[in-house]
Amino acid sequence: MHSYKSVFWAATLVASIAGTASAKSLRDEPTIDRPMLSVALAIEISDKCSSIEARKLKGLNYLWGLKSAASKLGYSDDEIKEYVESDAEKSRIRGLGEAYVRSKGLNPTSDADLCTLGEQEIASNTLTGSLLRSRN
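Numbering (mature numbering (1 follows the signal peptide of the UniProt record, and there is no 0)), first residue to last: -23 to -1, 1 to 113.
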């Protein structure tokens, strides 16, 4: 899932407003962490599946919203940047994404299975699905 770099880079671009220091990590904020997984899945699916494309502007707008939410929760730009650039967080999100794909009975290394997952997510109107569009 090499495309996580794109997600983290985009999130870093929108990290411009400083908040107050927080004792919790962003990984412990389900309103931030879970949606980041959904965005990462959408990017991975669109990168691996030629019949599905990412809704890029919608995705970037969503990332701006997550950045704003993190700031409102009191996280500083440095804390947000640390979260989105952390190799450990990227690896953790990758593991969560692969586990999610497997939980659907699919193989996370199979492009065809990622296409299947993408179509399921679109049909179910999940957050991941809302960030994708079928090219068919």
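Quick reminder that beta carbons are idealized off the backbone N, C-alpha and C, glycines included.
Practice prompt. My understanding is that Thr105 touches Leu43, with C-beta atoms under 8 angstroms, so please give their C-beta distance in whole angstroms.
Written response: Rounded, the Cβ-Cβ distance is 14 angstroms, inconsistent with contact.
Worksheet item: How many angstroms separate the CA atom of Met13 from the CA atom of Tyr52?
Response: 16 angstroms
Worksheet item: What do you get for Gly82, buried or exposed, if any count of 16 or more other CB atoms within 10 angstroms of its CB means buried?
Response: exposed
Fill in: Three-pair Cβ contact test at 8 angstroms for the segment 21 to 28 versus the segment 56 to 66
no
Worksheet item: For Asp88 versus Val78, is the C-beta spacing smaller than 8 angstroms?
Response: no
Item to complete: Indicate the three-state DSSP secondary structure (helix, strand or coil) for Arg71 in the structure shown.
Response: helix
Worksheet item: Going by DSSP, what residues sit across from residue 114 in a beta bridge?
Response: This structure cannot speak to residue 114, because the chain is shown only from -23 to 113.
Discussion item. Residues in the same chain with beta-carbon distance under 6 angstroms from Glu96, minus the five sequence neighbours each way, listed in chain order, please.
Written reply: Cβ contact annotation for Glu96 (same chain, cutoff 6 angstroms, sequence separation greater than five): none.
Discussion item. Using 8 angstroms as the threshold, is the C-beta distance between Arg112 and Ile29 below it?
Written reply: yes
Item to complete: With 8 angstroms as the threshold, decide whether the Cβ of Asp10 is near any Cβ in chain D.
Response: The question asks about chain D, but that chain is absent: this structure has only one protein chain.
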